[in-house]
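Under the numbering used here, the sequence shown has 206 at position 5, and the numbering climbs by one with no breaks. Even for Gly, the Cβ is constructed at its ideal location relative to N, Cα and C. Take a look at the structure below.
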Amino acid sequence: MELELTDRVDNLCDYTYNFTWQNSNLSPESVIPSQKGTNYTFKDLVDELRKGKEVRITGDVGNRLAYSLGVDLKHFGGTGAPERAGVLYVDGDVSSEMGMGMVSGTVYIKGRVEEPIGNVVEVVSDETGYHKFRSITEVLCRGSGKDILIKNKYHDRKRHLVLDDGILRGTVAARCSCEALVTIEGDACNGTGLLMQKGTVHIEGDAGMNTGAHLDGGVVVVEGTAGEFAGAYMKKGTLILEDAKGFAGANLSDGVIFARKKIKTAPPVEELTISQDDASLIRKYLGLGHIEAMSYHKYGIMRERLVRMRDGSVVVRRVGE
202 MELELTDRVD NLCDYTYNFT WQNSNLSPES VIPSQKGTNY TFKDLVDELR
252 KGKEVRITGD VGNRLAYSLG VDLKHFGGTG APERAGVLYV DGDVSSEMGM
302 GMVSGTVYIK GRVEEPIGNV VEVVSDETGY HKFRSITEVL CRGSGKDILI
352 KNKYHDRKRH LVLDDGILRG TVAARCSCEA LVTIEGDACN GTGLLMQKGT
402 VHIEGDAGMN TGAHLDGGVV VVEGTAGEFA GAYMKKGTLI LEDAKGFAGA
452 NLSDGVIFAR KKIKTAPPVE ELTISQDDAS LIRKYLGLGH IEAMSYHKYG
502 IMRERLVRMR DGSVVVRRVG E
């Protein structure tokens, strides 16, 4: 499938059809504007990639290209798991947030890509004149294969990816379902660890909004400050922070948040008593001494409380009983 654009268009090859969730008048069946000689819809491009085929775009494209590429989205009746995806070529420049939440497929770009980018890493291209990008999640869980990373380091046996190229990324390790480690030597953009089930992401700097949002297992460590809505909708897993802006843990149903500084939370999340095991976990990821680790604040949902009976005895009851 080939199309030529005369102007930049946002949300091309966007599996989430993100624009339909923001009170936009567009729909998946809307014809893509600024086409030259074709009348493809937004859905046409996604359907082609879901079949494992190629999509070729000539011209510059807008924001959020290939958003959640390779995800069988639950919102549209799918499983939420990764699925095979085709190959996307762009003969032009790409605006920011390319590959946010991307879990499979390959993207070739002839021009420049604006930051922040998404859950992608550049590898040595096998197509002359193009930059080649793969999903970080796919590299972690399926291996790099014959691809060699550019500027970054990946240890296949250890499943350890070190991102030290200075590029700002969001949604790193989105939907990761394998035991792997990503070390970000610097800051991260929004949504780090989105829907991650296993593995660890260690950010040595600050992180953007929605860090650990919808976390479903695994660990996200931020040595600096996380943006607003850290740990929102967490289901499982661990989030370790230095500090957080705004409220953290909104609509959290399970999992735990540790923070060196006190952070704001909303019910039912509350501060809990930190244990020796908790301190050991923090020491494991941050290399701190025992006393410093015990000074961290722990946040989650209280499952049990001590209740003093009329006869003076004390029993443990689950909250809500």
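Selection from the options that minimises the alpha carbon distance to residue i
{"i": "I368", "options": "E315, G419, K499, Y218", "result": "E315"}
{"i": "S269", "options": "V262, R251, T259", "result": "R251"}
{"i": "T401", "options": "R360, R265, I475", "result": "R360"}
{"i": "K526", "options": "D365, V247, N452, S345", "result": "Because the chain spans 202 through 522 in this model, residue 526 falls outside it and cannot be assessed."}
{"i": "A451", "options": "I492, T474, T412, T372", "result": "T412"}
{"i": "E203", "options": "G501, K254, E493, H276", "result": "K254"}
{"i": "G501", "options": "G456, E205, V272, T259", "result": "G456"}
{"i": "D248", "options": "D292, E205, V288", "result": "V288"}
{"i": "A286", "options": "V256, V295, I483, D478", "result": "V256"}
{"i": "D215", "options": "V340, A414, E298, R313", "result": "E298"}
{"i": "S454", "options": "G279, A433, D294", "result": "A433"}
Length of the line joining the Cα atoms of residue i and residue j
{"i": "F586", "j": "G238", "result": "Residue 586 lies beyond the residue range present for the chain, which begins at 202 and ends at 522; the question has no answer from this structure."}
{"i": "E380", "j": "Q398", "result": "9 Å"}
{"i": "K436", "j": "V470", "result": "13 Å"}
{"i": "G263", "j": "G300", "result": "12 Å"}
{"i": "L489", "j": "D261", "result": "48 Å"}
{"i": "T384", "j": "N240", "result": "43 Å"}
{"i": "M303", "j": "R335", "result": "9 Å"}
{"i": "T338", "j": "A375", "result": "6 Å"}
{"i": "F277", "j": "L206", "result": "28 Å"}
{"i": "M410", "j": "D208", "result": "30 Å"}
{"i": "D273", "j": "R504", "result": "34 Å"}
{"i": "E230", "j": "L213", "result": "12 Å"}
{"i": "G521", "j": "I318", "result": "Reliability fails at G521, whose pLDDT of 44 lies under 50, so the model's placement of it is uncertain and the value that follows must be treated cautiously. If I take the Cα positions, the gap works out to 44 Å."}
{"i": "D478", "j": "K499", "result": "12 Å"}
{"i": "G447", "j": "R265", "result": "26 Å"}
{"i": "V210", "j": "S235", "result": "8 Å"}
{"i": "F459", "j": "E493", "result": "13 Å"}
N- and C-terminal bounds of the beta strand (DSSP E) containing residue i
{"i": "D292", "result": "288-292"}
{"i": "E203", "result": "203-205"}
{"i": "A460", "result": "457-460"}
{"i": "F170", "result": "With the chain covering only 202 through 522, there is no way to say anything about residue 170."}
{"i": "R257", "result": "255-259"}
{"i": "T439", "result": "437-445"}
{"i": "T307", "result": "307-310"}
{"i": "G501", "result": "498-502"}
{"i": "H361", "result": "361-364"}
Contacting residues, own chain, Cβ-Cβ under 8 Å from residue i (five flanking each side not counted)
{"i": "S496", "result": "R461"}
{"i": "Y486", "result": "T401, H403, V420, V422, I441"}
{"i": "G330", "result": "K311"}
{"i": "S326", "result": "Y309, H332, K333"}
Cutoff 7 Å; reference residue i; Cβ partners in own chain excluding five residues on either side
{"i": "G418", "result": "M397, Q398, K399, K437, G438"}
Close beta carbons around residue i, own chain, < 6 Å, minus the five adjacent residues each side
{"i": "Y355", "result": "S345, L362"}
{"i": "G406", "result": "G387, D388, G425"}
{"i": "I464", "result": "A445, A449"}
{"i": "A408", "result": "A389, T393, V423, A427"}
Residue range of the unbroken alpha helix (DSSP H) whose run includes residue i
{"i": "E323", "result": "It is not in any alpha helix (DSSP H) - E323 instead sits in the beta strand (DSSP E) that spans 321-324."}
{"i": "H583", "result": "A query on residue 583 cannot be resolved here, the shown segment of the chain reaching from 202 to 522 and no further."}
{"i": "E249", "result": "243-251"}
{"i": "D478", "result": "477-487"}
Would you mind listing the beta strand (DSSP E) stretches within the stretch 367-426 that are 3+ residues and don't spill past its ends, in chain order?
-> 382-385, 401-404
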